[in-house]
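Engineer:
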Amino acid sequence: MKRASVALAVLVGVVSLLSPSTAAASEAWILNIGVRGVPNQESGMVRINLELSAAPAGSQLVVGSTTLNLGDTATVAGDSVTYEALTGNNVRITYVPKSNFGADFCAGAGATEKNVNMRFAGAQDIVAYRMSTYVVAAPNAECSQATKHTGDTPASLIPNDDGVAPALDAIYKGRNTFDVALVLDKSGSMNDLPPGAQAGPKKIDILKTAVQNFVGQWELLDAPPGGGPEWSGDRMGLVFFDSAAQPQTLVGADPPANFFLQRGGANAWDAIITKANSLVPGSSTSIGGGINEGMSQWKADPKNDLNVILITDGMQNTAPLIAPTGTGFLGLAPVAGLPQELRKRFVPIQTIAFGTPAQVDDTLMRNISLETSGISYQAINANTIFDLFGKTLVAILKGNTASMATGVIDTLTGAGPSAAVPFNVDRSPQRVLVSVQWPPPARQMLDLDVYPPGFNVPAIPTSAKKTPQASIQAFDMARGFSTGAWSVRVKRDLKSAEAVPYTLNVMFLEKHLDYQFSLDNLHAVTGDNLGIRVLVDWDGKPLTGLPAGAIRLRVLQQPDGMGNVLHASHAKVPGGNTVTPAGDIQTPYDYKIAALGQSLIDSTTPKEVAVIPLAEEGKGIYSASFSGTSIPGTYVFEAILDWDIPLTGHVSRQERLEEDVKPRADAHATAITLTGDASGVWTLSVTPRDRFGNYFGPGYAPLVQAVVRSGGRLRSTIPADQNQLGTYTFTIAGSPGVTPVVDVTVDGVLLSGR
Numbered sequence: 119m120k121r122a123s124v125a126l127a128v129l130v131g132v133v134s135l136l137s138p139s140t141a142a143a144s145e146a147w148i149l150n151i152g153v154r155g156v157p158n159q160e161s162g163m164v165r166i167n168l169e170l171s172a173a174p175a176g177s178q179l180v181v182g183s184t185t186l187n188l189g190d191t192a193t194v195a196g197d198s199v200t201y202e203a204l205t206g207n208n209v210r211i212t213y214v215p216k217s218n219f220g221a222d223f224c225a226g227a228g229a230t231e232k233n234v235n236m237r238f239a240g241a242q243d244i245v246a247y248r249m250s251t252y253v254v255a256a257p258n259a260e261c262s263q264a265t266k267h268t269g270d271t272p273a274s275l276i277p278n279d280d281g282v283a284p285a286l287d288a289i290y291k292g293r294n295t296f297d298v299a300l301v302l303d304k305s306g307s308m309n310d311l312p313p314g315a316q317a318g319p320k321k322i323d324i325l326k327t328a329v330q331n332f333v334g335q336w337e338l339l340d341a342p343p344g345g346g347p348e349w350s351g352d353r354m355g356l357v358f359f360d361s362a363a364q365p366q367t368l369v370g371a372d373p374p375a376n377f378f379l380q381r382g383g384a385n386a387w388d389a390i391i392t393k394a395n396s397l398v399p400g401s402s403t404s405i406g407g408g409i410n411e412g413m414s415q416w417k418a419d420p421k422n423d424l425n426v427i428l429i430t431d432g433m434q435n436t437a438p439l440i441a442p443t444g445t446g447f448l449g450l451a452p453v454a455g456l457p458q459e460l461r462k463r464f465v466p467i468q469t470i471a472f473g474t475p476a477q478v479d480d481t482l483m484r485n486i487s488l489e490t491s492g493i494s495y496q497a498i499n500a501n502t503i504f505d506l507f508g509k510t511l512v513a514i515l516k517g518n519t520a521s522m523a524t525g526v527i528d529t530l531t532g533a534g535p536s537a538a539v540p541f542n543v544d545r546s547p548q549r550v551l552v553s554v555q556w557p558p559p560a561r562q563m564l565d566l567d568v569y570p571p572g573f574n575v576p577a578i579p580t581s582a583k584k585t586p587q588a589s590i591q592a593f594d595m596a597r598g599f600s601t602g603a604w605s606v607r608v609k610r611d612l613k614s615a616e617a618v619p620y621t622l623n624v625m626f627l628e629k630h631l632d633y634q635f636s637l638d639n640l641h642a643v644t645g646d647n648l649g650i651r652v653l654v655d656w657d658g659k660p661l662t663g664l665p666a667g668a669i670r671l672r673v674l675q676q677p678d679g680m681g682n683v684l685h686a687s688h689a690k691v692p693g694g695n696t697v698t699p700a701g702d703i704q705t706p707y708d709y710k711i712a713a714l715g716q717s718l719i720d721s722t723t724p725k726e727v728a729v730i731p732l733a734e735e736g737k738g739i740y741s742a743s744f745s746g747t748s749i750p751g752t753y754v755f756e757a758i759l760d761w762d763i764p765l766t767g768h769v770s771r772q773e774r775l776e777e778d779v780k781p782r783a784d785a786h787a788t789a790i791t792l793t794g795d796a797s798g799v800w801t802l803s804v805t806p807r808d809r810f811g812n813y814f815g816p817g818y819a820p821l822v823q824a825v826v827r828s829g830g831r832l833r834s835t836i837p838a839d840q841n842q843l844g845t846y847t848f849t850i851a852g853s854p855g856v857t858p859v860v861d862v863t864v865d866g867v868l869l870s871g872r
C-alpha cells in the first residue's frame, strides 16, 4: 500500500470492525475518450493494462455501478467492457464505446466525448499502467473492428477520488507493447546479386545486415527515456521461408514455443541478429506459408498486438498461395483459428519487395499491405533496403512514438568526413537517433560526428551501438542538449581509401507531435485521382492553422509501365519453367526480366513529376490529390512537413508512401482476334491495353478469361503467352465453318462477347 502509515493502518483496522469498506488498495479514475472528428476513424477501442503489486486473483473492476470479476465482459451504457487477467501480476481492461457507432466502426459521425467512471477494487495496489487507443485500420477494406493504434486524441485516465476509493496513483509507462514477426525470404534467388549489380554482396547478405541494423535502431530508439515510459515487453520473432516456412527458436524467448523474444535489457535482441545471420538460401518461394507461420506462432502466444514484416525477392510459387477471394479481397488458407481473408485477421503486414517490381509481385505485396493497414516499399539495392527498414520501423511505431527527420543516400570517397548534413530538432523529440549503414562485407568502416547547437566538437551520445555494418548514436534531450539546428558528418572508422556507399538516417522519439498519412484509394487504376491525407496533432489535439505549404508532397512516377517495356522486348525465352543453380524455380517471365537487366530498372524506377501542397480540411486534417495517373506502376509520395509556429518551433519531418496503380482493360484499346483453320480449330488472341494505350504485358494469364457460349470448347482455361509479350492465346476446338461465340474478360472487365 502506497498511502498507509502505521497510525492510519490502525485506524482503518478499527473502523473496519464497525462498518464495511472497500478493498484497502482500491483506486479510482475517469476514462476519457475524446472525439477525433473523423467519422470512419473515431476511437473504437481502448486497452488499459494494469500492473499490480501481486497476482490479480480476487480483484474486481467497477464501471459506473457495474462490477466485473476477472474474465467478465459486460455492457455498460451501451458500451462493452472486458476485465481479464494476463500473465504475472497484470490485468487488462478493454473498453469498446459501441454507443458511439452505427452499423460498424466506420459509422462514427454521431460520436460524443465519453467520461467513464472506473474503480479498481482489490487487495493489490496498482503500480503502473499502459494504454493504447485504436481506430479502424483500413476503412476502405474492413470496418468491423478497431485495431490500429492512434496518437491523435488518444483516450486518457484522469485520477479521480470517487468517494469510495482514492484517486489513481500509478506510473504511466506509455503505449502497450508490440509483437513483431519478421518473415524473411530464403529462397534460392536470394543468393543472387541485387538488380543491376555486377559484383558485391548478394541479396541474402544484404538482408542479414538490414535485419541486424533494424534491431539495433529499435533497441536504441525505444530504450526507456526516463520518467515512466518503457517498452521492455516488446517482443520479436523470426520466420524463414523458401518452399516451406520455418519458425526460429530463440535463446531466452518466451516459453513454451520459444519464438517471441522480449526486448528486456539493452542487448537481449542480439539473439535475433545471431539467428538472422544463419539464413542460408534454399529453394522456391512460399510467401503465404511464411505469413501463416508467423501468425500461427502469435496465436499460440498472443501477448501483445502483432505486426508482421514480410521481406521477399520473388513471386509466390509454392502453396499456400495468397489469392483474391469471392469478395475480391486477398485470402490465404485459414490457420490457427484465423479467417481466410487477410483483412479480417486484423494484423498489419508491412512488406518490403527486394528486387525490381517485375521480379517481385509488386501488386500483390502492395495489396497485402493496403488491405491490412500496413506499409509497402520497393527496395532495389543495399542502400534502399537499409533506408526502407528504417521507414518500416517508423511505420510500426507511428501513432505512438517515432518519426523520420531526414535521410541521405550517398557515398564517402577520399579521406572524409562527408559534408555536414543539417537537421532541425524542435520541442517534440525526447530522443534523437542518428545511424549510418553500409553494405557488407566491409566491417567497421564508418562512424558519425554529431553536432548539437553550441558544439564545436562532436557530442558524446547518451547511448550508442555498433554492428558490423552500422554505427548508431542516440541523444536524450533531457541530458542538456538544445533544440535548434543540428548537423551530422559521416566519417571513416577505419583508415581506408575505399569508396563506401552509405545510408544516413535521423529519427526522433516523439513526445508531443504525431501525424498519420493515409491513402484514399483501395485498388487504384490508371486515370484515377490518387488522394492522400494526413492527420496532425500536438499533445493529442488536432494541429490546425498550419501555414500554406507547410505539408507538401513530391510525387514520383515511373517513366513507363512495366507492361509496355516487356511488350516491346522480343528477347527469346524458354518454353517452360527452369530451375536455377540455386534451386529456385525460374519461369519464362522471370527469365525475360533477368535478360532486360538495368534497362528495365531505368524504365520503371519512379522519377519526380510534381510537387503539390496539402490543403487544410479542418480538425488537423490536410489533404491533396494527384490526377496524372496515365502510366501504370508505382507512385511514390515523399511527404515533407516543414513549418515554424510558436507552439511547436521549427518542425521538419519526412515520410514516404508508395501506391500501386494498375491498368484497367479497355474494350476499344484491347486487340482481340479469332481465327480458324479448315479442321475447326480456332485461336483466340487477346492483347489487353488500357484507355491510355498501356499494355498489360506478361504475367496476367490468370486474369484473362474466355467463356465459349456456343460453337466449341476451350482446350485450356488458362491462356498461353508464348513469347512473354502480353498477348494471350486460347485454343478452341470447334467445327469447320462455325464461328464460336466467346465472352472475353480481363481482370473482371467484360471486353467482348462475340
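My numbering applies: residue 119 is where the sequence shown begins, and numbers increase by one. From the three backbone atoms N, C-alpha and C, an ideal C-beta is built for every residue, glycine too.
Answer with buried or exposed for T445, where buried requires no fewer than 16 other C-beta atoms within 10 angstroms of its C-beta.
Structural biologist: Looking up residue 445 in the sequence shown gives position 327. It counts as exposed.
Engineer: For a test of the three-state rule: what should DSSP assign to K321, helix, strand or coil?
Structural biologist: The residue you call residue 321 lines up with position 203 of the sequence shown. Helix.
Engineer: Please confirm whether any heavy atom of the ligand FMN lies closer than 7 Å to the CB of D638.
Structural biologist: You won't find the ligand FMN in this model; it holds no ligand whatsoever.
Engineer: Measuring straight from C-alpha to C-alpha, what distance separates G693 and L612?
Structural biologist: Along the sequence shown, read from residue 1 onward, the residue named residue 693 stands at position 575. Along the sequence shown, read from residue 1 onward, the residue named residue 612 stands at position 494. About 51 Å.
Engineer: Jot down the residue ranges of each uninterrupted beta strand (DSSP E) in the stretch 620–689, minimum 3 residues, whole runs only, in chain order.
Structural biologist: Here the runs fully enclosed are 631–637, 648–656 and 669–675.
Engineer: Give every residue of the same chain whose Cβ lies closer than 8 Å to the Cβ of T510, excluding the five residues on either side of it in the sequence, and list them in chain order.
Structural biologist: Counted from its first residue, the sequence shown places residue 510 at position 392. Cβ within range, chain order: F332, I427, Q468, I470, I493 and Y495.
Engineer: Going by beta-carbon coordinates alone, are M567 and R610 separated by less than 8 Å?
Structural biologist: Taking the sequence shown and counting its residues from 1, the one referred to as residue 567 is at position 449. Taking the sequence shown and counting its residues from 1, the one referred to as residue 610 is at position 492. The residue asked about is misnamed: residue 567 is Asp in this sequence, not Met. It is not a contact, given that the beta carbons lie outside the stated cut-off.
Engineer: Taking DSSP as the reference, what is the three-state secondary structure of R782?
Structural biologist: For the purposes of this step, residue 782 is taken as the residue at position 664 of the sequence shown. Here R782 sits in coil by DSSP.
Engineer: Within 10 Å of its beta-carbon, does A733 have 16 or more other beta-carbons around it, so buried, or fewer, so exposed?
Structural biologist: On the sequence shown, position 615 is the one that residue 733 refers to. When all chains shown are included, A733 counts as exposed.
Engineer: Using a Cβ-Cβ cut-off of 8 Å (strictly less than) and excluding sequence neighbours within five positions of A386, which residues of its own chain qualify?
Structural biologist: If you number the sequence shown from 1, residue 386 lands on position 268. Result list for A386: G370, L379 and Q380, in chain order.
Engineer: Indicate the three-state DSSP secondary structure (helix, strand or coil) for E459 in the structure shown.
Structural biologist: Your numbering for residue 459 matches position 341 in the sequence shown. Note: E459 maps to strand in three-state DSSP.
Engineer: How many angstroms separate the CA atom of G751 from the CA atom of G681?
Structural biologist: As a position in the sequence shown, residue 751 is number 633, starting the count at 1. As a position in the sequence shown, residue 681 is number 563, starting the count at 1. The alpha-carbon atoms of G751 and G681 are separated by roughly 9 Å.
Engineer: Give a yes or no on whether the C-beta atoms belonging to R771 and A787 are separated by under 8 Å.
Structural biologist: Position 653 of the sequence shown, counting from 1, holds the residue named residue 771. Position 669 of the sequence shown, counting from 1, holds the residue named residue 787. Not in contact: R771 and A787 (Cβ atoms no closer than 8 Å).
Engineer: I need the straight-line Cα distance from V697 to Q704, nearest angstrom please.
Structural biologist: Taking the first residue of the sequence shown as position 1, residue 697 is located at position 579. Taking the first residue of the sequence shown as position 1, residue 704 is located at position 586. In a straight line, the C-alpha of V697 is about 6 Å away from that of Q704.
Engineer: Do the stretch 181–200 and the stretch 320–336 make contact, defined as three or more Cβ pairs closer than 8 Å?
Structural biologist: Cβ pair count under 8 Å is below three, so no.
Engineer: Pull up the distance between the alpha-carbon of Q477 and that of N501, whole angstroms please.
Structural biologist: Locating residue 477 in the sequence shown gives position 359, counting from the first residue. Locating residue 501 in the sequence shown gives position 383, counting from the first residue. C-alpha separation (whole angstroms): 19 Å.
Engineer: If we call anything under 8 Å between Cβ atoms a contact, is I390 one with M413?
Structural biologist: The residue labelled residue 390 in the question sits at position 272 within the sequence shown. The residue labelled residue 413 in the question sits at position 295 within the sequence shown. No.
Engineer: Keeping to the same chain, check which residues put their C-beta closer than 7 Å to that of D544; ignore five residues upstream and five downstream.
Structural biologist: Numbered from its first residue, the sequence shown carries residue 544 at position 426. Taken in chain order, the residues that qualify are T601, T766, G767, H768 and V769.
Engineer: If we ignore side chains and look at the alpha-carbon of each, how far apart do V453 and G473 end up?
Structural biologist: Your numbering for residue 453 matches position 335 in the sequence shown. Your numbering for residue 473 matches position 355 in the sequence shown. If I take the Cα positions, the gap works out to 29 Å.
Engineer: By how many angstroms is the C-alpha of R549 removed from the C-alpha of D565?
Structural biologist: As a first step, residue 565 is located in the sequence shown; it is residue number 447 there, counting from the start. As a first step, residue 549 is located in the sequence shown; it is residue number 431 there, counting from the start. Cα-Cα distance, rounded: 19 Å.
Engineer: Y740 by DSSP, collapsed to three states: which one?
Structural biologist: The residue you call residue 740 lines up with position 622 of the sequence shown. If DSSP states are grouped into helix, strand and coil, Y740 belongs with the strands.
Engineer: Using the rule of at least 16 other Cβ atoms within 10 Å of the residue's Cβ for burial, across every protein chain shown, is L204 buried or exposed?
Structural biologist: As a first step, residue 204 is located in the sequence shown; it is residue number 86 there, counting from the start. Exposed, because fewer than 16 other Cβ atoms sit within 10 Å of the Cβ of L204.
Engineer: Find the nearest neighbour of G306 within the set S401, S262, M249 and G346, judged by alpha-carbon distance.
Structural biologist: Translated into the one-based positions of the sequence shown, residue 306 becomes position 188. Closest option to G306, Cα to Cα, is S401.
Engineer: Would you please state the rounded distance, in angstroms, between the beta carbons of Q242 and P284? I believe it to be under 8 Å.
Structural biologist: In the sequence shown, the residue the question calls residue 242 occupies position 124. In the sequence shown, the residue the question calls residue 284 occupies position 166. With 8 Å as the limit, Q242 and P284 do not qualify as a contact, their Cβ atoms being about 15 Å apart.
Engineer: Of the residues K780, Y740, D655 and T580, which one's Cα is nearest the Cα of Q676?
Structural biologist: Here residue 676 refers to the residue found at position 558 when the sequence shown is read from its first residue. It is K780.
Engineer: Buried or exposed, going by whether 16 or more other CB atoms sit within 10 Å of the CB of G855?
Structural biologist: Here the question's residue 855 lines up with position 737 in the sequence shown. That one is exposed.
Engineer: Which residues bound the alpha helix (DSSP H) around Q117?
Structural biologist: This structure does not reach residue 117, given that the chain is present from 119 up to 872, and the question cannot be answered.
Engineer: On the criterion of 16 or more Cβ atoms from any shown chain inside 10 Å, does E735 qualify as buried, or is it exposed?
Structural biologist: Mapped onto the sequence shown, residue 735 falls at position 617. Flag for E735 reads exposed.
Engineer: Fully enclosed by the stretch 236–296, which beta strand (DSSP E) runs are 3 residues long or longer?
Structural biologist: Counting whole runs of 3 or more residues, the stretch 236–296 contains the beta strand (DSSP E) stretches 244–253, 266–268 and 274–277.
Engineer: Which same chain residues end up closer than 6 Å to Y740 when comparing Cβ atoms and leaving out the 5 residues on each side of it in sequence?
Structural biologist: Position 622 of the sequence shown, counting from 1, holds the residue named residue 740. Same-chain partners within the cutoff: V652, I669, L732 and E734.
Engineer: Alpha carbon to alpha carbon, how far is P347 from Q587? Give it in angstroms, no decimals.
Structural biologist: The sequence position of residue 587 within the sequence shown is 469, counting from 1. The sequence position of residue 347 within the sequence shown is 229, counting from 1. Q587 and P347: Cα-Cα distance of roughly 30 Å.
Engineer: Helix, strand or coil for T140, going by three-state DSSP, please let me know.
Structural biologist: Reading the sequence shown from its first residue, position 22 is the one you call residue 140. Its pLDDT being 44, under 50, T140 is placed unreliably in this model, and the coordinates cannot settle the point.
Engineer: Mapping the DSSP letters down to three states, classify P820 as helix, strand or coil.
Structural biologist: Translated into the one-based positions of the sequence shown, residue 820 becomes position 702. Helix.
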